[in-house]
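Here the structure comes first, spelled out in structure tokens, and everything after it is commentary.
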Amino acid sequence: MLDLFSEDSPWQEPLAEGAVILRLRARDIAERLYQEILCIADQNPFVHRITPGGHRMSVAMTNCGDLGWSTDSRGYQYSERDTQNGRAWPAMPTLFRHLAQETAREAGFTDFNPDACLINRYEPGAKLTLHQDKDEKDMRQPIVSVSLGLPAVFQFGGFERGDATQRVLLEQGDVVVWGGPSRLRYHGILPLKPGVHPLTGAFRYNLTFRRAH
Ligand code: MD3
Ligand code: FE
Numbered sequence: 007m008l009d010l011f012s013e014d015s016p017w018q019e020p021l022a023e024g025a026v027i028l029r030l031r032a033r034d035i036a037e038r039l040y041q042e043i044l045c046i047a048d049q050n051p052f053v054h055r056i057t058p059g060g061h062r063m064s065v066a067m068t069n070c071g072d073l074g075w076s077t078d079s080r081g082y083q084y085s086e087r088d089t090q091n092g093r094a095w096p097a098m099p100t101l102f103r104h105l106a107q108e109t110a111r112e113a114g115f116t117d118f119n120p121d122a123c124l125i126n127r128y129e130p131g132a133k134l135t136l137h138q139d140k141d142e143k144d145m146r147q148p149i150v151s152v153s154l155g156l157p158a159v160f161q162f163g164g165f166e167r168g169d170a171t172q173r174v175l176l177e178q179g180d181v182v183v184w185g186g187p188s189r190l191r192y193h194g195i196l197p198l199k200p201g202v203h204p205l206t207g208a209f210r211y212n213l214t215f216r217r218a219h
């Protein structure tokens with residue numbers, strides 16, 4: 007029988023102008039992506055950073071690439087070294103760079119060359135409150151996000167914090183490309199529900215590829 011609604015191969019879901027979900031696009035390389043994450047974390051462990059306001063983030067973070075994003079009492083910033091331990095970030099694996107460039111291209115961004123990959127690790131209850139990503143230099147460059155492990159409810163809103171939000175479930179292998187007018191939309195992640203994922207156990211991971219400088 008012709009299976010018109012097979013969920014066995016990746017498909018695209020437009021979210022908003024400039025934003026598209028490439029469902030399950032990275033599913034077949036999830037194990038390799040996860041091994042790379044573990045290898046990066048061996049070199050520079052996940053840490054719960056403290057915001058400039060003095061709050062401990064529930065999401066633990068590390069980075070790879072020429073630049074990494076972190077936060078401390080001086081603010082939010084991209085830098086060549088981890089502000090907490092002074093170490094250079096691990097190199098961005100070729101597999102990561104290729105996935106980011108290929109998916110950005112599929113979404114219409116032909117010359118995306120990320121210099122930073124922020125890696126978020128969510129444990130049960132961890133969340134990211136509504137925020138905008140605006141620490142990058144060139145807002146014409148998209149952000150590519152890749153989800154691994156436990157599913158999470160992603161929230162995305164408008165251009166002001168109080169605007170109505172939509173909820174979207176993001177699962178392992180889902181890739182989202184955010185560019186154009188969507189680049190500055192408010193977005194967040196609702197508290198992670200506890201669970202056990204066959205690949206990542208109790209955690210959800212999210213990679214975000216960025217052109218920071
Ligand atoms: C929409 N991460 O690291 S990825 C972040 O799942 C972040 O860890 C979330 O928001 C996560 O800053 C969400 C989806 C995402 C990433 C960047 C965006 C959505 C975005 C930038 C602009 C608009
Ligand atoms: Fe964000």
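If you count the sequence shown from 1, you need to add 6 to reach our numbering. All C-beta atoms in this analysis are idealised placements derived from N, C-alpha and C, irrespective of residue type, glycine included.
Annotated three-state conformation of glutamate 108 is helix, per DSSP.
Of Pro51, Trp75, Ala170, the smallest CA-CA separation from lysine 140 is found for Trp75. Cβ-Cβ separation between proline 157 and valine 183: approximately 19 Å, too far for a contact (criterion under 8 Å). The beta-carbon distance between asparagine 69 and leucine 124, rounded to whole angstroms, is 5 Å. This is short enough to meet the 8 Å contact definition. When C-beta atoms of the region 196–208 are compared with those of the region 122–136, three or more pairs fall below 8 Å, so the two segments count as touching. Scanning Trp17, Gln18, Pro16, Phe215 for the CA closest to the CA of asparagine 119 turns up Phe215. In terms of side-chain proximity, the C-beta atom of histidine 61 is found no nearer than 6 Å to any non-hydrogen atom of ligand 1.
For leucine 39, the uninterrupted alpha helix (DSSP H) run begins and ends at 36–49, by DSSP. A residue is called buried once 16 or more other Cβ atoms fall within 10 Å of its Cβ, and glycine 71 is buried on that count. Counting other Cβ atoms within 10 Å of its Cβ, histidine 193 reaches 16 or more and is therefore classed as buried. In the three-state reduction of the DSSP assignment, serine 188 falls in the helix class, which pools H, G and I. Here aspartate 180 is buried, its C-beta having at least 16 other C-beta atoms within 10 Å.
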